[in-house]
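Colleague: Mind the numbering: the sequence shown is residues -22 to -1, 1 to 555 in mature numbering (1 follows the signal peptide of the UniProt record, and there is no 0), read in order.
No residue lacks a Cβ here, since even glycine has one placed at the ideal position from N, Cα and C.
It should be emphasised that the depicted structure is a prediction, and the values quoted were computed from it without experimental measurement.
Before we start, here is the structure in question, set down as structure tokens.
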Amino acid sequence: MRPFTVKLLLGALALISTYANAEKLLLDANWNVIKDEKQALYYFEQPVDLTDGYYKIEVYYKEKNRLFCSTAIDDKNVGKALTSEQFRGPYQCNFDDGTPYEQGFRNAQGQLDGVIKTYIATGQLYSESHYENGVKQGQETGYWNGGNIRYKTTYKDDQAVGISEHFGPEGEATAKICHDPTCASQYFNLGKLNREEHKVDGLLQGTETTWGLNGQVISTQEWFKDKKHGDYFEYFDNGKVKQHFQYQKNYKVGEQLTYFENGQLKLKEVTNDKGDVIQSIEYDDKGVIKRTADSKYQGNRWVYRKQQRYRDGQLIETQEEDKLKNWSLSETFKKGVLSERQELLNKQLNGLQIKSYDYNDVITLTREYYQAGKREGAYETVKIEPATGKSHLVEQGQYAKDKQAGTWKKFMDDATLTYSHDDNGELHGEYLNKTNSGQLLESIHFKHGKPDGLVQRYASNGQVYEKGRYLNNLRQGDWVFTDNEFQYRPRPNPERRSWHGRFDKGKQVGHWELRTAEDYVLEVTNYDDHGNLHGKQYRFENNGSIQVINHYNHGQFLNQEIPPTVLPVEDGAFPFH
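Okay, here's the thing in structure tokens:
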């Protein structure tokens, strides 16, 4: 074999060996060099081809195996991560469908240099910029999807200068933005001037004005050294003032006014030097107050606030809170009457509490006082007729240590109830209920919560409902009480039936009779000394004849006797009336 042929063959083998041994490097989403195939999104082969002092490199999308970026680098050992600052010379990066999204050039120091272009996914040019040694210089132009210019901005040493122009998709002007220390910026809507602001020494200063499509002024705002300072006015379409705010160093300070279109004041707010609202009054379009609020602040939080609501000029609700005292008050008014009130101190009821309900245009109010969550002091229930202003007392008394104390009174339509308590809140003394004409309805004597002594209950016509005596909390002696009536009502009842007899230490003993309101006997029962049914028990027909006789022996039923329809009554079996 000829020597030059051997040399060519060896050279080809060496070249093949070099490419065969090129290492494939994996990159994650941030272009960090990794070894995990699952985390890798890109890859490139370790560059080996040196051209003009640089190594050519191509980065691919791992999933689609499409070219991502192509360029050159000056060191084939990329290190722990590949960065765009390592690029040298021209470069191009593409979307995963092969469409370019950025083209440009980086100099020997890895700095952007010359024209840099970016694209959107459709392939449409998005922006075109100019760089010198990594610094943006000259004009930058942005484009809409249809190709119309979106903006034009001039840069000097990486900073926007002069006036940048902005346009809509159809080419209409949308803004002329000032980038110099002293100049004006203008913004447009449908090609018409919409807003204008001024800068002095790079800071917003002077009057900022906005206009409507018809050229009318919408608002003006005063600026001083890049802060809102002075008056802000907003206008209705008819030219009348809609809002007038006052600013000091970006804070609303002083009176802040909002108006209805008819010129009537809608809202007045007073703010402190931090812009916190310390007082506000809201009106309807006729000038009638709807709401008010007063606040006090410590630092950046309010510590006291009082809010009131009105309807048709009348106060209907008050909410007041003092966080420093851990105190709050809630009040509701109905037809000018304070109908609900809740006062809390340390999250416990304190002071006057009012509850109410309405029925047939009459408000029934309950007023009571609390200390540290317990009732203490006067109590009353009152009925009020807002239409006439009339009121009358329903119940009156007082509490001590959350228990009823002293003498209480209840005032009904035609009667008055009076009762008293001992120091433990138990009924003590006479429980007295009389009609306004003086008719006794109830008289019950209590001793420390237990009945003791005479008990009398009557209907309003004097008909006996219950009468007897308690001794040591037990019924004792002669008694009268109604049959099958489980709740006392003073209403007369011509069908009322009552038992008449005697108790001994709480047990029925001896002879008992069930009588009608006309004093006719309906039943006779007899008891032994231990309260057991004993002897003959009689039940009578309406005509007075005996219906049935039951025989008992000390509580044990013996037999029942049903006499003939008409049976003469034995003398002494029961008294006649």
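Residue range of the beta strand (DSSP E) that LYS312 falls in?
Modeller: In the sequence shown, residue 312 corresponds to position 334, counting from 1. Unbroken beta strand (DSSP E) run through LYS312: 305 to 312.
Colleague: To the nearest angstrom, how far is it from the Cα of ASN123 to the Cα of TYR261?
Modeller: For the purposes of this step, residue 123 is taken as residue 145 along the sequence shown, with counting starting at 1. For the purposes of this step, residue 261 is taken as residue 283 along the sequence shown, with counting starting at 1. Roughly 51 Å separates the two Cα atoms.
Colleague: Throw me the rounded Cβ distance for the ALA495 and PRO472 pair, which I believe falls under 8 Å.
Modeller: Numbered from its first residue, the sequence shown carries residue 495 at position 517. Numbered from its first residue, the sequence shown carries residue 472 at position 494. Contact holds; Cβ gap of about 5 Å.
Colleague: From which residue to which residue does the beta strand (DSSP E) around LYS203 run?
Modeller: Looking up residue 203 in the sequence shown gives position 225. Neither: LYS203 is in no beta strand (DSSP E) and is coded neither H nor E.
Colleague: Taking the straight line between their C-alpha atoms, what separation do you get for GLN349 and LEU322?
Modeller: The residue given as residue 349 occupies position 371 in the sequence shown. The residue given as residue 322 occupies position 344 in the sequence shown. Each residue's alpha carbon lies about 10 Å from the other.
Colleague: Quick check on SER62: does DSSP put it in helix, strand or coil?
Modeller: In the sequence shown, counting from the first residue as 1, residue 62 sits at position 84. Looking at SER62 - three-state DSSP - the assignment turns out to be helix.
Colleague: For GLY232, which beta-bridge partners are listed by DSSP?
Modeller: The residue labelled residue 232 in the question sits at position 254 within the sequence shown. In the DSSP output, where bridge partners are listed per residue, GLY232 has THR249.
Colleague: Under a three-way DSSP split, which group does GLN102 fall into?
Modeller: As a working note, residue 102 is residue 124 in the sequence shown. GLN102: coil per DSSP, three-state reduction.
Colleague: From the DSSP output, in three-state form, read off GLU318 for me.
Modeller: Walking along the sequence shown from the start, residue 318 turns up at place 340. In this structure, GLU318 counts as strand in the three-state DSSP scheme.
Colleague: What residues in its chain sit with their C-beta under 6 Å from that of VAL547, if we drop five residues either side in the sequence?
Modeller: As a working note, residue 547 is residue 569 in the sequence shown. Note on VAL547: pLDDT 49, under 50, position unreliable in the model; no value is reported.
Colleague: So what does DSSP say about SER438, is it helix, strand or coil?
Modeller: Looking up residue 438 in the sequence shown gives position 460. In the structure shown, SER438 sits in coil (DSSP, three-state: anything other than H, G, I, E or B).
Colleague: In or out: ASP158 buried (at least 16 other Cβ within 10 Å) or exposed?
Modeller: For the purposes of this step, residue 158 is identified with residue 180 of the sequence shown, where counting begins at 1. When all chains shown are included, ASP158 counts as exposed.
Colleague: I need the straight-line Cα distance from GLN64 to THR49, nearest angstrom please.
Modeller: In the sequence shown, counting from the first residue as 1, residue 64 sits at position 86. In the sequence shown, counting from the first residue as 1, residue 49 sits at position 71. Their Cα atoms are separated by approximately 10 Å.
Colleague: Could you pull out every residue in the same chain whose Cβ sits closer than 6 Å to the Cβ of ASN167, ignoring the five residues on either side in sequence?
Modeller: In the sequence shown, residue 167 corresponds to position 189, counting from 1. So no residue of the chain qualifies.
Colleague: Going by DSSP in three states, ALA393 sits in which element: helix, strand or coil?
Modeller: Counting from 1 along the sequence shown, the entry for residue 393 is found at position 415. Of the three classes helix, strand and coil, the one that applies to ALA393 here is strand, per DSSP.
Colleague: Would DSSP call ALA356 helix, strand or coil?
Modeller: Here the question's residue 356 lines up with position 378 in the sequence shown. DSSP places ALA356 in strand when its eight states are reduced to three.
Colleague: Taking the alpha carbon of residue 585 as the reference point, which residue from ASN462, LEU410, ASN414 and ASN450 has its own alpha carbon closest?
Modeller: The requested residue 585 does not occur in the structure, where the chain is confined to residues -22 to 555.
Colleague: Buried or exposed for ASN72, going by 16 or more other Cβ atoms inside 10 Å?
Modeller: Counted from its first residue, the sequence shown places residue 72 at position 94. Buried is the call here.
Colleague: Hey, TYR109 and GLY92: beta-carbon distance below 8 Å or not?
Modeller: The residue given as residue 109 occupies position 131 in the sequence shown. The residue given as residue 92 occupies position 114 in the sequence shown. Yes, the pair counts as a contact, with Cβ atoms nearer than the cut-off.
Colleague: Have a look at GLY190 and GLN137 and give me their C-alpha separation to the nearest angstrom.
Modeller: In the sequence shown, counting from the first residue as 1, residue 190 sits at position 212. In the sequence shown, counting from the first residue as 1, residue 137 sits at position 159. Cα to Cα, GLY190 sits roughly 32 Å from GLN137.
Colleague: Among all the DSSP beta bridges, which residues are the ones paired with PRO364?
Modeller: Within the sequence shown, residue 364 is the residue found at index 386, counting from 1. The partner list for PRO364 (beta bridge, DSSP) is empty, contrary to what the question assumes.
Colleague: Strictly by DSSP, which residues pair up with ILE540?
Modeller: As a first step, residue 540 must be located in the sequence shown, where it is residue number 562. Answer is none; ILE540 lacks a bridge partner.
Colleague: Looking only at its own chain, which residues have a Cβ that is under 6 Å from the Cβ of ASP380, when we skip the five neighbours before and after it?
Modeller: Counting from 1 along the sequence shown, the entry for residue 380 is found at position 402. Only LYS352 and ARG353 meet the Cβ criterion.
Colleague: Could you check what DSSP says for TRP477 in three-state terms: helix, strand or coil?
Modeller: For the purposes of this step, residue 477 is taken as residue 499 along the sequence shown, with counting starting at 1. TRP477 falls in the strand class under three-state DSSP.
Colleague: To the nearest angstrom, how far is the alpha carbon of ASN278 from that of GLY232?
Modeller: Here residue 278 corresponds to residue number 300 of the sequence shown, with the count starting at 1. Here residue 232 corresponds to residue number 254 of the sequence shown, with the count starting at 1. One C-alpha to the other measures close to 17 Å.
Colleague: Tell me GLU1's beta-bridge partners as DSSP assigns them.
Modeller: Sequence index remark: in the sequence shown, residue 1 carries index 23 (1-based). DSSP lists no partner for GLU1.
Colleague: Taking just the CA atoms, how far does GLU363 sit from ARG283?
Modeller: Your numbering for residue 283 matches position 305 in the sequence shown. Your numbering for residue 363 matches position 385 in the sequence shown. The straight-line gap from Cα to Cα measures roughly 33 Å.
Colleague: Within 10 angstroms of the Cβ of ASN(-2), are there 16 or more other Cβ atoms? Answer buried if so, exposed if not.
Modeller: Mapped onto the sequence shown, residue -2 falls at position 21. Because the pLDDT of ASN(-2) is 49, which lies under 50, any placement of that residue in the model is unreliable, and the number read from its coordinates should be weighed accordingly. Exposed.
Colleague: Which residues mark the beginning and the end of the beta strand (DSSP E) in which TRP490 is found?
Modeller: For the purposes of this step, residue 490 is taken as residue 512 along the sequence shown, with counting starting at 1. Its beta strand (DSSP E) spans residues 485 to 493.
Colleague: Alpha carbon to alpha carbon, what distance is there between THR310 and GLY146?
Modeller: Numbered from its first residue, the sequence shown carries residue 146 at position 168. Numbered from its first residue, the sequence shown carries residue 310 at position 332. The straight-line gap from Cα to Cα measures roughly 57 Å.
Colleague: Would you identify the three-state DSSP class for LEU191, choosing helix, strand or coil?
Modeller: Taking the first residue of the sequence shown as position 1, residue 191 is located at position 213. The answer is coil: DSSP assigns LEU191 none of H, G, I, E or B.
Colleague: Around the Cβ of ILE540, are there at least 16 other Cβ atoms within 10 angstroms (buried) or fewer (exposed)?
Modeller: Counting from one through the sequence shown, the residue named residue 540 turns up at place 562. It counts as exposed.
Colleague: Quick one: grab the DSSP three-state call for LYS268.
Modeller: Residue mapping note: residue 268 aligns to position 290 of the sequence shown, counting from 1. Looking at LYS268 - three-state DSSP - the assignment turns out to be strand.
Colleague: What's the call for LEU536, buried or exposed, on a 16-neighbour Cβ count within 10 Å?
Modeller: If you number the sequence shown from 1, residue 536 lands on position 558. It is exposed - the Cβ of LEU536 has fewer than 16 other Cβ atoms within 10 Å.
Colleague: Does ILE35 pass the burial test, meaning 16 or more other C-beta atoms within 10 Å, or should it be called exposed?
Modeller: For the purposes of this step, residue 35 is taken as the residue at position 57 of the sequence shown. Under this definition ILE35 is a buried residue.
Colleague: Let me check understanding here. Comparing Cα to Cα, which of GLU404, TRP280 and VAL372 lies closest to LEU395?
Modeller: By 1-based counting over the sequence shown, the position of residue 395 is 417. Residue VAL372 is the option with its Cα nearest to LEU395.
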